[in-house]
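Asker: This is the structure I have questions about; it appears just below.
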Amino acid sequence: MKLNERSLAFYATCDSPADNAGFLYKRGERHTAYHRRWFVLKGNMLFYFEERESREPVGVIVLEGCTVELCDSAEEFTFAIRFGGTKSRTYVLAAESQAAMESWVKSLSRASFDYMRLVVRELEKQLEEMRWGPASGCGGCRQSPGSWKLKPSGPERSPERLPALPAILPKENGCAVWNNVPGADQLPDTSSCGGHDGEGNPRPPPLPPRRRAASSEAGSARAAAGESPSTFCQLHEQYGREVARLQQDWLEKRRGP
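Numbering-wise (UniProt numbering), the sequence shown opens with residue 1 and increments by one.
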């Protein structure tokens, strides 16, 4: 792998946050002595410096295709970074405490893109199970989102039916009458003859139809309504007298000569 030294040196010393940083003891490749170095982990790259204030790193370890494991050594808190292959180098490092060793082993084990790829696959699997639900017992079939139905938490209740409104609303003095009393939506039975209802009682006379005033009368009525606030009362009295007269005539006809 060919790396740009200037780019690596800038990336190692820039202000970007590090995944882990601290002093570790690194064993030499030719000499088995341990040297104290300042290590900085950024992504999948492990930089090490001679001192903490050094401007350029001494070396870098690319953490791809490797394993991080504990190893037996004369030094305490020792672990190794091993790469696959016969000629690959093994880096042996030692921490200053048990907590520091565990922190470094955990951070280095999660630094590679292979680990990130496994994490992404696991998250995608969990997201898929949340969307489609776990595989059921019918051969691993899954329900489509269109078959989902929200179920009420409480006991099921049969839908309440509202009373049907009549096709033709009864009218009184030309105005529709709304009545919520049961049975009030049924129209009166007009099939019986002789002016009696089904029980033999005389029926009241039908209400007179509402008169439609001519354009001149309507204009004069609107003008009178604009002039006097008691126009409604006058109309009410006028129709009331007419209704009373019609009712009186009907009663006289029933009494006979």
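A virtual CB, placed ideally from N, CA and C, is assigned to each residue, including glycine.
#1: Tell me which residue opens and which closes the beta strand (DSSP E) that A18 is part of.
#2: Would you report the Cα separation of S103 and T90, rounded to the nearest angstrom?
#3: Which one or two residues does DSSP pair with Y91 in a beta bridge?
#4: What three-state label does DSSP hand V119 in the structure shown?
#5: Could you check if G240 is buried or exposed, using at least 16 other CB atoms within 10 Å of its CB as the buried criterion?
#6: Looking only at its chain, what residues have a beta carbon closer than 7 angstroms to the beta carbon of E75, apart from the 5 residues adjacent to it on each side?
#7: Taking only the alpha-carbon atoms, compute the straight-line gap between E5 and R131 and give it to the nearest angstrom.
#8: Can you give me the Cβ contacts of E51 inside the same chain, cut-off strictly under 8 angstroms, excluding the 5 residues immediately before and after it?
#9: When you compare only the Cα positions, how much space is there between G65 and K42?
#10: At the level of alpha carbons, what is the spacing between R27 and I81?
#11: Which stretch, first to last residue, makes up the beta strand (DSSP E) that contains L41?
Answerer: Quick answer:
#1: Annotation for A18: no beta strand (DSSP E) segment contains it, and DSSP assigns it neither H nor E.
#2: Going from the Cα of S103 to the Cα of T90 covers about 20 angstroms.
#3: In DSSP, Y91 forms a bridge with I81.
#4: Helix at V119.
#5: Exposed, by the Cβ-count rule.
#6: Excluding sequence positions up to five before and after E75, its CB lies within less than 7 angstroms of the CB of Y25, Y34, A94, all in the same chain and listed in chain order.
#7: So the two alpha carbons sit approximately 46 angstroms from each other.
#8: If you ignore the 5 residues before and after E51, its C-beta comes within less than 8 angstroms of the C-beta of W38, all in its own chain and listed in chain order.
#9: The C-alpha of K42 is placed about 17 angstroms away from the C-alpha of G65.
#10: Those two C-alpha atoms are separated by around 12 angstroms.
#11: Where L41 is concerned, the enclosing beta strand (DSSP E) stretches over 34-42.
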